[in-house]
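*Asks:* Shown below is the structure under consideration.
Number of protein chains: 2
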Amino acid sequence: MRYFLKLGYHGKNYFGWQIQPEQITVQEVIERCLSVLLREKIEVVGAGRTDTGVHAKEFIAHFDAQQIKDRTHFIFRLNAFLPKDIAVYNLIETIPDAHARFDAVSRTYEYKISVGKNPFWNELAYQVTKNLNVAKMNEAASCLIGKQNFQSFSRTGSDVKTYFCEVKEALWKREGDFLIFRITADRFLRNMVRAIVGTLLEVGYDKIPVQEVPKIIAQKDRSFAGPSAPAHGLYLVKVEYPQRLFLNKIKVEEAHKNQ
Amino acid sequence: MRYFLKLGYHGKNYFGWQIQPEQITVQEVIERCLSVLLREKIEVVGAGRTDTGVHAKEFIAHFDAQQIKDRTHFIFRLNAFLPKDIAVYNLIETIPDAHARFDAVSRTYEYKISVGKNPFWNELAYQVTKNLNVAKMNEAASCLIGKQNFQSFSRTGSDVKTYFCEVKEALWKREGDFLIFRITADRFLRNMVRAIVGTLLEVGYDKIPVQEVPKIIAQKDRSFAGPSAPAHGLYLVKVEYPQRLFLNKIKVEEAHKNQ
Chain A
1 MRYFLKLGYH
11 GKNYFGWQIQ
21 PEQITVQEVI
31 ERCLSVLLRE
41 KIEVVGAGRT
51 DTGVHAKEFI
61 AHFDAQQIKD
71 RTHFIFRLNA
81 FLPKDIAVYN
91 LIETIPDAHA
101 RFDAVSRTYE
111 YKISVGKNPF
121 WNELAYQVTK
131 NLNVAKMNEA
141 ASCLIGKQNF
151 QSFSRTGSDV
161 KTYFCEVKEA
171 LWKREGDFLI
181 FRITADRFLR
191 NMVRAIVGTL
201 LEVGYDKIPV
211 QEVPKIIAQK
221 DRSFAGPSAP
231 AHGLYLVKVE
241 YPQRLFLNKI
251 KVEEAHKNQ
Chain B
260 MRYFLKLGYH
270 GKNYFGWQIQ
280 PEQITVQEVI
290 ERCLSVLLRE
300 KIEVVGAGRT
310 DTGVHAKEFI
320 AHFDAQQIKD
330 RTHFIFRLNA
340 FLPKDIAVYN
350 LIETIPDAHA
360 RFDAVSRTYE
370 YKISVGKNPF
380 WNELAYQVTK
390 NLNVAKMNEA
400 ASCLIGKQNF
410 QSFSRTGSDV
420 KTYFCEVKEA
430 LWKREGDFLI
440 FRITADRFLR
450 NMVRAIVGTL
460 LEVGYDKIPV
470 QEVPKIIAQK
480 DRSFAGPSAP
490 AHGLYLVKVE
500 YPQRLFLNKI
510 KVEEAHKNQ
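Note that the protein sequences, when read in sequence, are chains A and B.
Residues 1 to 259 (this note's numbering) make up the first sequence, in order.
Residues 260 to 518 (this note's numbering) make up the second sequence, in order.
Take a look at the structure:
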């Protein structure tokens, strides 16, 4: 049976999602815990890789295993076994060829900025004490919408087939003492959101004029964009999949309803 | 000039508010930073003492100093100088004999419980995965209201003149994935809120019947109450003072308005 695991993690203690030699990663911890609980070697495939220190409120990974009868109980045991900074929220049955990475149709990230000093959010938001022009930052954000080449916001030396991403949503919102940037796209390049946020912050500080942003994109060169914003403000918040992957689950639930 | 300083702190790295030999405390850090910035030896008096690891969203301390002309700029400099886990929110001029501790008419604490596993709140909420009967916990909380002897919820060996406190408000509220206990009283004994929360949790787990709570209070003996809830879920959130302490400030503001 193929399962989708919905989980969240505090990124501080991990070198990102993906397994790396000599470093502790979320994938490695999840695989170890699943393998012990299920008494078979489990390999998980994540929806993407998050960078060192980046958080996930909702991350999806798939794995194959013998059928798990009581999923609620299994989630309870898995959470008790996993460290405090990783939580599993759901375990969903999928069709056999569902793929956490290739089937994802969109990913949403949020970048959280604490406006002013906040002693409680040092690890979970980037603290900015200077004034920011949010109207200009939103004007600049609107230049990102659409299918474009985002090489200017990609880690240099990234080995990818294409730099084109389709950005569907890019918006700054004030929420109490926080400023949240929300961006949704079909795919993201490595370091892309942090490079975008760093550039939009330069716009907010009046260091880069809004009309420069389309030109930065057109350059296709990382050196024209602003610095990367720190990892600890960034959260992966949503990964979306087509409904057809969960047909089994829907059928099972409908069968239950009809009983 | 006597000032009231309004501040907040993340309690994790401190042995509470009050200066202690060989331990780092919030009071000591504040005094050191104020003394350096104001170039005179400053001593601060806090509204109370918080225990090791307890947080404060709003703590008040008073100190005497030469008049500070630009208070907004001073707060900015003080925040830049203080560590990340202590923030100053306001600096208020008071009458010369105003006292942060003796003039406080009420204090409010909140205890934050994360219902289920939450990887982001390990340091700032107590995580409970077992089911809690919140209706019963609120019934038990209502027994605390009024002026009563709270020795049963006081640290044994506390050297105080009276165990009487007047509790004005004691209520559990559900807020999303959190359960918040809010309690207001004229004064609190050491460890009192954590002992109360620990006891109410036993009621929520159906280990102590609601009708036992008035009997526990009547025993005046700590050993009859439940265990102390952990420090990292507890926040001092408000300290209230009579308006007369700020007459100077109000007069100044009115003079500005009339100009």
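Beta carbons: idealized from backbone N, C-alpha and C, even for Gly.
Between the segment 230-240 of chain A and the segment 109-119 of chain A, do at least 3 Cβ pairs fall closer than 8 Å?
*Replies:* The answer is yes - the segment 109-119 of chain A touches the segment 230-240 of chain A, with three or more Cβ pairs under 8 Å.
*Asks:* Would you say H73 (chain A) reaches chain B, if we count a Cβ-Cβ gap shorter than 7 Å as a contact?
*Replies:* So no, H73 (chain A) is outside the interface.
*Asks:* Have a look at R433 (chain B) and V313 (chain B) and give me their C-alpha separation to the nearest angstrom.
*Replies:* Going from the Cα of R433 (chain B) to the Cα of V313 (chain B) covers about 21 Å.
*Asks:* Is it the case that the segment 69-82 of chain A contacts the segment 158-171 of chain A, given that we only count it when at least three CB pairs across the two stretches are under 8 Å?
*Replies:* Counting Cβ pairs under 8 Å, fewer than three are found: no touch.
*Asks:* Spell out the partners DSSP gives D206 (chain A) in its beta bridges.
*Replies:* The partner list for D206 (chain A) (beta bridge, DSSP) is empty, contrary to what the question assumes.
*Asks:* When Cβ atoms are compared, which residues of the segment 316-346 of chain B fall closer than 9 Å to chain A?
*Replies:* The segment 316-346 of chain B vs chain A, Cβ under 9 Å: K316, F335, N338, A339, L341, P342, K343, D344, I345 and A346.
*Asks:* What span of residues does the beta strand (DSSP E) with I60 (chain A) cover, start to end?
*Replies:* Element bounds for I60 (chain A): H55 to D64.
*Asks:* Use the C-beta contact count for G485 (chain B): other C-beta atoms within 10 angstroms, 16 or more gives buried, fewer gives exposed.
*Replies:* Classification for G485 (chain B): buried.
*Asks:* Determine whether the Cβ of F274 (chain B) lies closer than 7 Å to any Cβ atom of chain A.
*Replies:* For F274 (chain B), the answer is no, since every Cβ of chain A falls outside 7 Å of its Cβ.
*Asks:* Hey, how far is the Cα of F181 (chain A) from the Cα of N272 (chain B)?
*Replies:* Approximately 30 Å, taken between the alpha carbons.
*Asks:* Could you tell me which uninterrupted alpha helix (DSSP H) segments, each at least 4 residues in length, are contained entirely in the segment 119-157 of chain A, listed from first to last along the chain?
*Replies:* 134-142, all fully within the segment 119-157 of chain A.
*Asks:* For H269 (chain B), would you say it is in contact with chain A, using Cβ-to-Cβ distances shorter than 7 Å as the test?
*Replies:* Yes, its Cβ sits closer than 7 Å to a Cβ of chain A.
*Asks:* I want to verify the contact list: residues of chain A whose CB lies under 7 Å from the CB of K389 (chain B), in sequence order.
*Replies:* Those within 7 Å of K389 (chain B) in chain A number zero; the least Cβ separation is about 11 Å.
*Asks:* Does the segment 208-222 of chain A come into contact with the segment 38-46 of chain A, if we say contact requires no fewer than three beta-carbon pairs (one atom in each stretch) closer than 8 Å?
*Replies:* No, the segment 208-222 of chain A does not touch the segment 38-46 of chain A.
*Asks:* Flag this pair as touching only if the segment 17-26 of chain A and the segment 46-65 of chain A have three or more C-beta atom pairs under 8 Å; answer yes or no.
*Replies:* Yes, they touch.
*Asks:* In three-state terms, what does DSSP make of N349 (chain B)?
*Replies:* It is a strand residue.
*Asks:* Could you list the residues in the segment 115-144 of chain A with a C-beta less than 7 Å from some C-beta on chain B, going in chain order?
*Replies:* Cβ contacts with chain B: K117, N118, P119, F120, N122 and L124.
*Asks:* If you measure between the beta carbons of Y385 (chain B) and P489 (chain B), is that distance less than 7 Å?
*Replies:* Yes, the Cβ-Cβ distance between Y385 (chain B) and P489 (chain B) is below 7 Å.
*Asks:* Rounded to a whole number of angstroms, what is the C-alpha to C-alpha distance between Q151 (chain A) and R222 (chain A)?
*Replies:* Using only the alpha carbons, I get a separation of about 7 Å.
*Asks:* Under 7 Å, do V462 (chain B) and A444 (chain B) count as touching if we go by C-beta distance?
*Replies:* No, Cβ-Cβ distance for V462 (chain B) and A444 (chain B) is not below 7 Å.
*Asks:* Grab the span of the beta strand (DSSP E) containing R441 (chain B) for me, first residue to last.
*Replies:* Where R441 (chain B) is concerned, the enclosing beta strand (DSSP E) stretches over F437 to A444.
*Asks:* Please confirm whether R446 (chain B) and P355 (chain B) have their CB atoms less than 7 Å apart.
*Replies:* Cβ atoms of R446 (chain B) and P355 (chain B): not closer than 7 Å.
*Asks:* Which of the three DSSP states is assigned to S114 (chain A) in this structure?
*Replies:* In this structure, S114 (chain A) counts as strand in the three-state DSSP scheme.
*Asks:* Within a Cβ cutoff of 8 Å, which residues of the same chain sit near S154 (chain A), ignoring the five residues on either side of it in sequence?
*Replies:* Excluding positions up to five away in sequence, the list reads V160, Y163, L189, R190, N191, M192, A195 and R222.
*Asks:* How many angstroms separate the CA atom of D310 (chain B) from the CA atom of N349 (chain B)?
*Replies:* Each residue's Cα considered, the two are about 23 Å apart.
*Asks:* L460 (chain B) to R330 (chain B), Cα distance in whole Å?
*Replies:* Near 44 Å, if we compare the C-alpha coordinates of R330 (chain B) and L460 (chain B).
*Asks:* From B:L438, B:H491 and B:V456, pick the residue whose C-alpha is nearest to that of G375 (chain B); which is it?
*Replies:* Taking only the C-alpha atoms, the option nearest G375 (chain B) is B:L438.
*Asks:* Can you tell me whether Q148 (chain A) is buried or exposed? The criterion is at least 16 other CB atoms within 10 Å of its CB, across all chains shown.
*Replies:* Buried, because 16 or more other Cβ atoms sit within 10 Å of the Cβ of Q148 (chain A).
*Asks:* Looking at C402 (chain B): is its Cβ nearer than 7 Å to the Cβ of P473 (chain B)?
*Replies:* Their beta carbons are under 7 Å apart, which means C402 (chain B) touches P473 (chain B) by this criterion.
*Asks:* Might you give, ordered along the chain, the residues of its own chain that have their beta carbon closer than 6 Å to the beta carbon of L132 (chain A), omitting 5 neighbours on each side?
*Replies:* Hits under 6 Å: G204.
*Asks:* Under a Cβ-count criterion, where at least 16 other Cβ atoms within 10 Å of its own Cβ denotes burial, should K328 (chain B) be classed as buried or exposed?
*Replies:* It counts as exposed.
*Asks:* Take T388 (chain B) as the anchor and find which of B:N397, B:I372 and B:E382 has the nearest alpha-carbon.
*Replies:* That would be B:I372, whose Cα lies nearest to the Cα of T388 (chain B).
*Asks:* Could you tell me the boundaries of the alpha helix (DSSP H) in which E43 (chain A) lies?
*Replies:* Here E43 (chain A) belongs to no alpha helix (DSSP H), and DSSP marks it neither H nor E.
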